[in-house]
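Just below is one structure, and these are the notes that go with it.
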Amino acid sequence: MKQLRLLIIPFLLMLPAQSGFVYSWDKDMVDQPSEKAQESIAPPGPGSIPLHGAEIVPIPMNDLEADEMKVAAASLPNPVPADVASIARGKEFYDINCYVCHGSDGRGQGPVGLLFAEKAPVDLNDAYTQDQTDGQLYFTLTRGRALMPFYRDALIPSERWDVINYVRSDFGQVGMVTNE
1095 MKQLRLLIIP
1105 FLLMLPAQSG
1115 FVYSWDKDMV
1125 DQPSEKAQES
1135 IAPPGPGSIP
1145 LHGAEIVPIP
1155 MNDLEADEMK
1165 VAAASLPNPV
1175 PADVASIARG
1185 KEFYDINCYV
1195 CHGSDGRGQG
1205 PVGLLFAEKA
1215 PVDLNDAYTQ
1225 DQTDGQLYFT
1235 LTRGRALMPF
1245 YRDALIPSER
1255 WDVINYVRSD
1265 FGQVGMVTNE
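Per this note's numbering, the very first residue in the sequence shown carries number 1095; after that it's consecutive.
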């Protein structure tokens, strides 16, 4: 009799669930208020990318359009003063992002730059680079060119200007080695 009771009790306990009777607590997890990660009202953290009002960088569709955009960028002023702090920050960002291709002296002799088979990285000391305006250098740093990747996602705008200030101060006519 005791064994029969042990078999009947579990069956009777399962009967209401099988007959469609639903316990009131069985949907607590479904009905609870919750925030999805993309719906959070939490304030954005430092370094967050805004959904609205972010930097918009149009994508050129061909080389001619890229050249036109670079010419248009010539009038873009550098908003970051080339002071000691900016140049120091620029060197740090250069060492992290640019050194691997352009090398420590900016001549394209970095460890990755030496592996380029078709075209070496641009020599930052050459007139080709130094004659460009800060806005044109900013455009290239932001959009990339040929084999150079874009850095709009790796460096925020002020950091890109710091790199330009560093390139202007440490490369070019001042840092050029002459063969006399």
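From the three backbone atoms N, C-alpha and C, an ideal C-beta is built for every residue, glycine too.
The C-beta distance from CYS1192 to GLY1202 rounds to 11 Å, too long to meet the 8 Å contact threshold. Contact check for TRP1255 against ASN1172 passes: the beta carbons are separated by less than 7 Å.
LEU1218 sits close to VAL1261, with the two beta carbons spaced by under 7 Å. Per DSSP, THR1227 lies in no alpha helix (DSSP H) and is assigned neither H nor E. Taking a C-beta distance under 7 Å as the contact criterion, GLN1224 and ALA1168 do not qualify as a contact pair. GLU1162 counts as exposed, since fewer than 16 other C-beta atoms from the protein chains shown sit within 10 angstroms of its C-beta. For secondary structure counted as the alpha helix (DSSP H) over 4 or more consecutive residues, the segment 1159-1211 holds these complete runs in sequence order: 1178-1191, 1193-1196. Scanning ASP1247, LEU1098, LEU1241 for the CA closest to the CA of GLU1212 turns up LEU1241.
Straight across, the Cα-Cα distance linking ASP1177 with PRO1243 is about 27 Å. Looking at the DSSP output, MET1108 shares a beta bridge with no other residue.
Each of SER1198, TYR1222, PRO1251 was checked against the Cα of PHE1233, and the nearest Cα belongs to PRO1251.
For ASP1228, same chain residues with a beta-carbon under 6 Å away, outside a window of 5 residues either side, are ASN1172, ILE1258 in chain order. The DSSP-derived three-state label of ARG1246 is coil.
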